[in-house]
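Below is one structure; the comments refer to it alone.
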Amino acid sequence: MAQGTTARHVAIIMDGNGRWAKRRGLPRAMGHKRGVEAVRTLVRSLKGGAIECVTLYAFSSENWKRPRDEVSDLMNLMRGFIRSDLEEFAANGVRLRIVGDWRALDPDIVEMLEDALERTANGTHTVAVALNYGSQQEIARAARAAAEQGEITVETIERHLFTADLPPVDLLIRTSGEVRLSNFLLWQMAYAEMMFVDTLWPDFTPQHLQDALDEFAKRERRYGGR
Ligand code: IPE
Ligand code: IPE
Ligand code: MG
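Take 325 as the starting number for the sequence shown in our numbering and just add one per residue.
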């Protein structure tokens, strides 16, 4: 397989907001707030770039286990973010996608997201946000849907994943030094290149993404061949 290829689909596990805040003696909520700012800067930087799709892990199916206050802070940040940034995203050619069981979120958020999806439907590059997302649940659901239609194969399962119309993940980046996937895009990352960086998510900049892309370009992908 050729080297020097560009990543079409980059997936990011945005981890480390809590530790970012803790190191500064700040409440966790402040870490999440700065995390949102890092998302804003990153999404802005995608304009005119070569990446077709970025998928951002924002809230996992397992994150409901966190204290109620933290969950509610995260949901409120989401509301605020859509309100403040949707216009700019749409103007910049972002096509928003949501992966996960997002329709189970609070009704006002569901409504805001429906509107956001509609308003960005004609964008040129995709920003997919994983919300209430768990990969095992997604695969089980897709397998069930495939079975109902008759046949369980790689192709029929794939057709029922949230990411059905997105390219496979080329590059995964996880921030904060943790080396695990935490139930994120397990199927879609079958042949993804993975990078685990120590930077905490609020400190992650477009330059960090560029560094990862430069490293990606040097990797040899084989897909089992030789
Ligand atoms: C990532 O930061 C944000 C979400 C999971 C929503 P964390 O809140 O997991 O931060 P750490 O891992 O505790 O530092
Ligand atoms: C993964 O981070 C989920 C998101 C970044 C949204 P977590 O912080 O929830 O993962 P674990 O618990 O450390 O595996
Ligand atoms: Mg974490």
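Even for Gly, the Cβ is constructed at its ideal location relative to N, Cα and C.
> Exposed or buried, which one is residue 473 when buried takes at least 16 other CB atoms within 10 Å?
Replying inline: Numbered from its first residue, the sequence shown carries residue 473 at position 149. Under the 10 Å beta carbon count, residue 473 is surrounded by fewer than 16 other beta carbons and is classified as exposed.
>> Only counting the same chain, and skipping five residues up and downstream in sequence, which positions put a Cβ closer than 7 Å to that of residue 398?
In response: Position 74 of the sequence shown, counted from the start, is the residue given in the question as residue 398. A distance below 7 Å between beta-carbons, with the five flanking residues on each side excluded, links residue 398 to the following residues of its chain, in chain order: 356 and 383.
>> Less than 6 Å between C-beta atoms, sequence neighbours within five positions excluded: which residues of the same chain meet that for residue 434?
In response: Here residue 434 refers to the residue found at position 110 of the sequence shown. Its chain contains 427 as the residues whose beta carbon lies nearer than 6 Å to that of residue 434, once the 5 sequence neighbours on both sides are disregarded; these appear in chain order.
> Can you name the start and end residues of the beta strand (DSSP E) that residue 517 belongs to?
Replying inline: As a working note, residue 517 is residue 193 in the sequence shown. It spans 517-520 - the beta strand (DSSP E) in which residue 517 sits, taken as one unbroken run.
>> Checking the sheet assignment: what are the DSSP bridge partners for residue 418?
In response: Here residue 418 is taken as the residue at index 94 of the sequence shown, counted from 1. Residue 418 is bridged to 449.
> In the structure shown, what three-state DSSP assignment does residue 542 receive?
Replying inline: Working through the sequence shown from its first residue, we reach residue 542 at position 218. Annotated three-state conformation of residue 542 is helix, per DSSP.
> Should residue 354 be counted as a contact of ligand 1 given a C-beta to heavy atom distance under 7 Å?
Replying inline: Taking the sequence shown and counting its residues from 1, the one referred to as residue 354 is at position 30. Relative to ligand 1, residue 354 has its C-beta separated by 7 Å or more from all heavy atoms.
>> My assumption, with CB atoms under 8 Å, is that residue 525 sits in contact with residue 404. Please give the rounded CB distance.
In response: Residue 525 sits at position 201 when you count from the first residue of the sequence shown. Residue 404 sits at position 80 when you count from the first residue of the sequence shown. Not really, about 17 Å apart at Cβ, beyond 8 Å.
> Does DSSP put residue 337 in a helix, a strand or coil?
Replying inline: Taking the sequence shown and counting its residues from 1, one reaches residue 337 at position 13. Strand at residue 337.
>> If you reduce the DSSP assignment to three classes, tell me which class residue 423 lands in.
In response: Locating residue 423 in the sequence shown gives position 99, where the first residue counts as 1. DSSP, read as helix, strand or coil, puts residue 423 in strand.
> Residues in its own chain within less than 6 Å of residue 447 by CB, not counting five upstream and five downstream?
Replying inline: Your numbering for residue 447 matches position 123 in the sequence shown. The beta carbon of residue 447 sits closer than 6 Å to the beta carbons of 417, 418 and 419 from its chain, once the five residues preceding and following it are set aside; these are given in chain order.
>> Alpha carbons only, please: which of 503, 497, 505 and 488 is nearest the one belonging to residue 553?
In response: Residue 553 is absent from the structure shown; the chain starts at 325 and stops at 550.
> From residue 325 to residue 530, what distance separates their C-alpha atoms?
Replying inline: Numbered from 1 along the sequence shown, position 1 holds the residue referred to as residue 325. Numbered from 1 along the sequence shown, position 206 holds the residue referred to as residue 530. Confidence at residue 325 is low in this model, with a pLDDT of 43, below 50, so its placement is unreliable and the value that follows should be read with caution. A straight line joining the alpha-carbon of residue 325 with that of residue 530 spans about 27 Å.
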